[in-house]
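Read the structure below first, then the notes.
Number of protein chains: 2
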Amino acid sequence: MRSDRILLAHGSGGTMMAELIKDVFMERFGDPTLHRMDDASVLDVPTGRIAMSTDTYVVSPVFFPGGDIGRLAVAGTVNDIATSGATPLYLTVGFVLEEGFLVEDLRRIITTMADTADEAGVRIVTGDTKVVERGHGDGIYINTAGVGSVPEGVDLSGSHCKAGDVVLLSGTLGDHGIAVISVREGLTFTTTIETDAAPLAKMCLAVRAAAPDVRCFRDPTRGGLASTLNELAGASGVSITVDETLVPVRDQVRGACEMLGYDVFQVANEGKMVAVVPAEQVEAALAAMKAAPYGEDAAMIGEVAEGPAGRVYVRTAFGARRIMDMLVGEQLPRIC
Amino acid sequence: MRSDRILLAHGSGGTMMAELIKDVFMERFGDPTLHRMDDASVLDVPTGRIAMSTDTYVVSPVFFPGGDIGRLAVAGTVNDIATSGATPLYLTVGFVLEEGFLVEDLRRIITTMADTADEAGVRIVTGDTKVVERGHGDGIYINTAGVGSVPEGVDLSGSHCKAGDVVLLSGTLGDHGIAVISVREGLTFTTTIETDAAPLAKMCLAVRAAAPDVRCFRDPTRGGLASTLNELAGASGVSITVDETLVPVRDQVRGACEMLGYDVFQVANEGKMVAVVPAEQVEAALAAMKAAPYGEDAAMIGEVAEGPAGRVYVRTAFGARRIMDMLVGEQLPRIC
Numbered sequence: 000m001r002s003d004r005i006l007l008a009h010g011s012g013g014t015m016m017a018e019l020i021k022d023v024f025m026e027r028f029g030d031p032t033l034h035r036m037d038d039a040s041v042l043d044v045p046t047g048r049i050a051m052s053t054d055t056y057v058v059s060p061v062f063f064p065g066g067d068i069g070r071l072a073v074a075g076t077v078n079d080i081a082t083s084g085a086t087p088l089y090l091t092v093g094f095v096l097e098e099g100f101l102v103e104d105l106r107r108i109i110t111t112m113a114d115t116a117d118e119a120g121v122r123i124v125t126g127d128t129k130v131v132e133r134g135h136g137d138g139i140y141i142n143t144a145g146v147g148s149v150p151e152g153v154d155l156s157g158s159h160c161k162a163g164d165v166v167l168l169s170g171t172l173g174d175h176g177i178a179v180i181s182v183r184e185g186l187t188f189t190t191t192i193e194t195d196a197a198p199l200a201k202m203c204l205a206v207r208a209a210a211p212d213v214r215c216f217r218d219p220t221r222g223g224l225a226s227t228l229n230e231l232a233g234a235s236g237v238s239i240t241v242d243e244t245l246v247p248v249r250d251q252v253r254g255a256c257e258m259l260g261y262d263v264f265q266v267a268n269e270g271k272m273v274a275v276v277p278a279e280q281v282e283a284a285l286a287a288m289k290a291a292p293y294g295e296d297a298a299m300i301g302e303v304a305e306g307p308a309g310r311v312y313v314r315t316a317f318g319a320r321r322i323m324d325m326l327v328g329e330q331l332p333r334i335c
Numbered sequence: 000m001r002s003d004r005i006l007l008a009h010g011s012g013g014t015m016m017a018e019l020i021k022d023v024f025m026e027r028f029g030d031p032t033l034h035r036m037d038d039a040s041v042l043d044v045p046t047g048r049i050a051m052s053t054d055t056y057v058v059s060p061v062f063f064p065g066g067d068i069g070r071l072a073v074a075g076t077v078n079d080i081a082t083s084g085a086t087p088l089y090l091t092v093g094f095v096l097e098e099g100f101l102v103e104d105l106r107r108i109i110t111t112m113a114d115t116a117d118e119a120g121v122r123i124v125t126g127d128t129k130v131v132e133r134g135h136g137d138g139i140y141i142n143t144a145g146v147g148s149v150p151e152g153v154d155l156s157g158s159h160c161k162a163g164d165v166v167l168l169s170g171t172l173g174d175h176g177i178a179v180i181s182v183r184e185g186l187t188f189t190t191t192i193e194t195d196a197a198p199l200a201k202m203c204l205a206v207r208a209a210a211p212d213v214r215c216f217r218d219p220t221r222g223g224l225a226s227t228l229n230e231l232a233g234a235s236g237v238s239i240t241v242d243e244t245l246v247p248v249r250d251q252v253r254g255a256c257e258m259l260g261y262d263v264f265q266v267a268n269e270g271k272m273v274a275v276v277p278a279e280q281v282e283a284a285l286a287a288m289k290a291a292p293y294g295e296d297a298a299m300i301g302e303v304a305e306g307p308a309g310r311v312y313v314r315t316a317f318g319a320r321r322i323m324d325m326l327v328g329e330q331l332p333r334i335c
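Those sequence lines, one after another, are chains A and B. Numbering follows numbering that gives the first Met the number 0, in which position 244 of the first sequence is assigned residue number 243; successive positions increment by one, without gaps. Numbering follows numbering that gives the first Met the number 0, in which position 134 of the second sequence is assigned residue number 133; successive positions increment by one, without gaps.
Spelled out as structure tokens, the structure:
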């Protein structure tokens, strides 16, 4: 690369774009299909059913404790695919780069993406890069879209929760949101709070193997656990009650939430999975979750009841019951 | 919708985002899979091979004669998938909205997307929306990624061109680039030059049916015909010679290019297809292209020869031969 910063010409479709693709993208993204450089990539899928998902990542800042936008972009879409019970296989990547962005930072992000894709067992098979003028972006935005293979007979949905089911959470709440806000606001803690961003497809496969009647998975990202549970309760026409004392939260995250006035149930996570499981399979599901990567702090946190439809409650440490509301307005913009 | 402009809270994952999805997106995007509101959509694919492609659209302005960013976003990815010989089936959509963007403009763009998807026979099956602060975007950026079904035995690639093959172009060059720059620069012509943005999957299927040994398709978007042919010549290790007198260009586009100092071979198209076809099947391929939607001006424009590898020539009206170079630097930023 002749320039150490991104120029408009890197998005032109001409020689400088070809150079960027060859020197930066191809060096880290090694997939042979991608290297064929056709406009579309042709790929095998083992079954006749696929899962598709997409997310764009606009997190600010792009580097934060424990990760960066590249890890989010790969793990986030992998996790969304995994929620359907699919094995994630292939990712597409679309970059919007702002003129002036450091090529060195781009290399670092691409390296994280390649490493996270390797960890998750997915292939980055095709991509696109656009460049916008200085002041019309924010360094880098990344879209990923992905395809997974859905085994026959698997039909998970947020609308399948039933009275008597148990809600599992794969670990501590709020780590990602607090990690990002702490950099943005210059907060310091005795130890650094790191993002939890991680690919969870192997965890979902393990839970499904242990609990074949699992109703659904959902990763509590933007809007946090509160949005996830309200969506599930609404889609299934049930109520969900969470026992606050059972929800794992790190002390520092709890403290930061109190200081900032955040409800930890509304703070974003990027490496946690919610699973709703029939009661008779919950022990097996929890054991599988705890044994999976990133699942050591998994816990049963609540249960599903018949009604009122769409309502989510929190039972507090003092035995009181309050409503777990979805976020109104905006708490933490640009969290993912 | 309670606000007529996009607010940061519309990207929060909370109640206002749910309202945006319901009132704006769901009203126009009618796919039942999308309406299930799960994090991933599960879909059937008829064969064991899929084609995947992605593109992000950052065109400025977002509305221009004959189309808008929404038509580009659907047609562009449909066309990239079609280049592989696949039937495009499913699209994902990722929006990056800038705080303050008019909800009415968003509705208009979404309507165009839905209409173009209907025309192309593809389903918009899942999506994502992020909102960035005022001054960190440019109204709207759209990523689309797509999946198509590849028939057994089909293997098209830019690396398959052979000496003796003929190059077809499906219509006039330069319309999209000149349509966008004319709005941006306030140029006026006796009649308005409109974008050519259009979905071309049906054209590709018709050409492949008529010419089963077609080597490849490629849509000459950013970088124009020059980038496309240079990429094909490089990937196949051949030379390509284009006869300038055979290339269809509207008089007004030619005039605008002369005035602006643009090489029409380097100007972007969004509704044109290049096909490389063995000589014995070229008459059938051309007839199929002309009979297909958007193909009435299709023409044979050049031929493939053995070497020098990667070189593209233009034979001019006066019999001279010059090199058709790829764009160096940046001519027309934010064209797609």
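Positions of the beta carbon are idealized from the N, C-alpha and C atoms, including for glycine. Model, not experiment: these values are computed from the prediction.
Between residue 305 of chain B and chain A, is the shortest Cβ-Cβ distance under 8 Å, so that the two count as touching?
Output row for residue 305 of chain B: interface = no.
>> Among B:270, B:124, B:81, B:265, whose alpha-carbon lies nearest the alpha-carbon of residue 213 of chain B?
In response: With respect to the C-alpha of residue 213 of chain B, the residue from B:270, B:124, B:81, B:265 having the closest C-alpha is B:81.
Less than 8 Å between CB atoms is the rule here; does residue 262 of chain B satisfy it with respect to chain A? Residue 262 of chain B does not count as touching chain A.
| request: Take the Cβ of residue 123 of chain A as the centre, count every other Cβ of all protein chains shown within 10 Å, and call the residue buried at 16 or more, exposed below. | output: That one is buried.
Are the CB atoms of residue 54 of chain B and residue 76 of chain B within a distance shorter than 8 Å? Yes, they are a contact pair.
Under the three-state reduction of DSSP, which class applies to residue 325 of chain A: helix, strand or coil? Three-state DSSP puts residue 325 of chain A in coil, outside helix and strand.
- Where does residue 317 of chain B land, buried or exposed, given buried means 16+ other C-beta within 10 angstroms? Exposed, because fewer than 16 other Cβ atoms sit within 10 Å of the Cβ of residue 317 of chain B.
* **Check whether residue 10 of chain B and residue 129 of chain B have beta carbons under 8 Å apart** => For the 8 Å CB-CB criterion, residue 10 of chain B and residue 129 of chain B form a contact.
>> Threshold first: 3 residues or longer. Then list the beta strand (DSSP E) segments lying entirely within the stretch 252 to 322 of chain A, N to C.
In response: 273 to 276, 298 to 304, 311 to 314, 320 to 322, all fully within the stretch 252 to 322 of chain A.
* For the stretch 201 to 262 of chain A, list the alpha helix (DSSP H) runs that are entirely contained and at least 4 residues long, ordered along the chain. => Fully enclosed alpha helix (DSSP H) runs of 4 or longer: 223 to 235, 250 to 259.
Check your understanding: Given that residue 125 of chain A touches chain B, what residues does it touch there, using C-beta distances under 7 Å?
Key -> Near residue 125 of chain A (Cβ distances below 7 Å), the residues of chain B are 51, 52, 53.
*If you compare alpha carbons, which of B:90, B:298, B:30, B:278 is closest to residue 246 of chain B?*
Selected option, being the one with the closest Cα: B:298.
*Pick helix, strand or coil for residue 24 of chain A, following the three-state DSSP scheme.*
Helix at residue 24 of chain A.
- Message: Rounded to the nearest angstrom, what separates residue 407 of chain A and residue 217 of chain A at their Cα positions?
- Response: Missing from the structure shown is residue 407 of chain A; chain A here goes from 0 to 335 and no further.
| said: Strictly below 8 Å CB to CB, what residues from chain A border residue 36 of chain B? | reply: Neighbours of residue 36 of chain B in chain A, taken as residues whose beta carbon is under 8 Å from its own, are 157, 230, 234 in chain order.
Could you compute how far the alpha carbon of residue 83 of chain B sits from the alpha carbon of residue 42 of chain A? Near 11 Å, if we compare the C-alpha coordinates of residue 42 of chain A and residue 83 of chain B.
Among A:132, A:47, A:23, A:263, the one whose alpha carbon lies nearest that of residue 173 of chain A: Its Cα nearest to that of residue 173 of chain A, the residue A:263 stands out among A:132, A:47, A:23, A:263.
message = For a cutoff of 8 Å on Cβ pairs, would you count residue 80 of chain B as touching chain A?
response = So yes, residue 80 of chain B belongs to the interface.
Give the secondary structure of residue 41 of chain A by DSSP, where H, G and I count as helix, E and B as strand, and everything else as coil.
Three-state DSSP puts residue 41 of chain A in a strand.
(message) With a threshold of 8 Å between beta carbons, is residue 332 of chain B in contact with chain A?
(response) Cβ-Cβ to chain A under 8 Å: yes for residue 332 of chain B.
- Item | Proximal residues of chain A, C-beta to C-beta of residue 14 of chain B below 8 Å | Under the 8 Å cutoff, chain A gives 325, 326, 327.
| Below 8 Å, can you find three or more Cβ-Cβ pairs linking the stretch 29 to 38 of chain B to the stretch 154 to 173 of chain A? | Touching, yes.
For this session: Could you pull out every residue in the same chain whose Cβ sits closer than 8 Å to the Cβ of residue 290 of chain B, ignoring the five residues on either side in sequence?
Result: The residues are 205.
field: Pair within 8 Å by beta-carbon distance, residue 325 of chain A and residue 260 of chain A
entry: Result no, Cβ atoms of residue 325 of chain A and residue 260 of chain A do not sit closer than 8 Å.
* residue 32 of chain A versus residue 282 of chain A: straight-line alpha-carbon distance, rounded -> In this structure, the CA atom of residue 32 of chain A is about 42 Å from the CA atom of residue 282 of chain A.
8 Å Cβ cutoff met for residue 146 of chain A and residue 89 of chain A: Less than 8 Å divides the Cβ of residue 146 of chain A from the Cβ of residue 89 of chain A.
Item to check | Inter-residue CB distance, residue 138 of chain A and residue 97 of chain A (contact presumed, cutoff 8 Å) | outcome: So it is a contact: roughly 5 Å between Cβ atoms.
| said: My output table needs one value for residue 64 of chain B: the three-state DSSP class, helix, strand or coil. | reply: Correct three-state label for residue 64 of chain B: coil.
### Query
Hey, residue 310 of chain B and residue 242 of chain B are a contact pair by Cβ (cut 8 Å); roughly how many whole angstroms apart?
The pair is not a contact, with the Cβ atoms about 16 Å apart (cut-off 8 Å).
Using a cut-off of 7 Å between C-beta atoms, extract the partners of residue 129 of chain A located in chain B.
-> Result: 55, 57.
### residue 220 of chain A beta carbon less than 8 Å from that of residue 268 of chain A
It is a contact, given that the beta carbons lie within the stated cut-off.
Looking at C-alpha atoms only, which residue of A:106, A:64, A:52 is the closest neighbour of residue 21 of chain A? Comparing Cα positions, the closest option is A:106.
| query | Would you call residue 195 of chain A buried or exposed, if buried means 16 or more other Cβ atoms sit within 10 Å of its Cβ? | reply | Label assigned to residue 195 of chain A: buried.
Problem set entry | Closer than 8 Å to chain A by CB, residue 268 of chain B | For residue 268 of chain B, the answer is no, since every Cβ of chain A falls outside 8 Å of its Cβ.
Look up residue 87 of chain A in the DSSP assignment and say whether it is helix, strand or coil. Residue state, collapsed to three classes: strand.
For this session: Tell me where the alpha helix (DSSP H) around residue 176 of chain A begins and ends.
Result: Membership of residue 176 of chain A in the alpha helix (DSSP H) is indicated by the continuous run 174 to 184.
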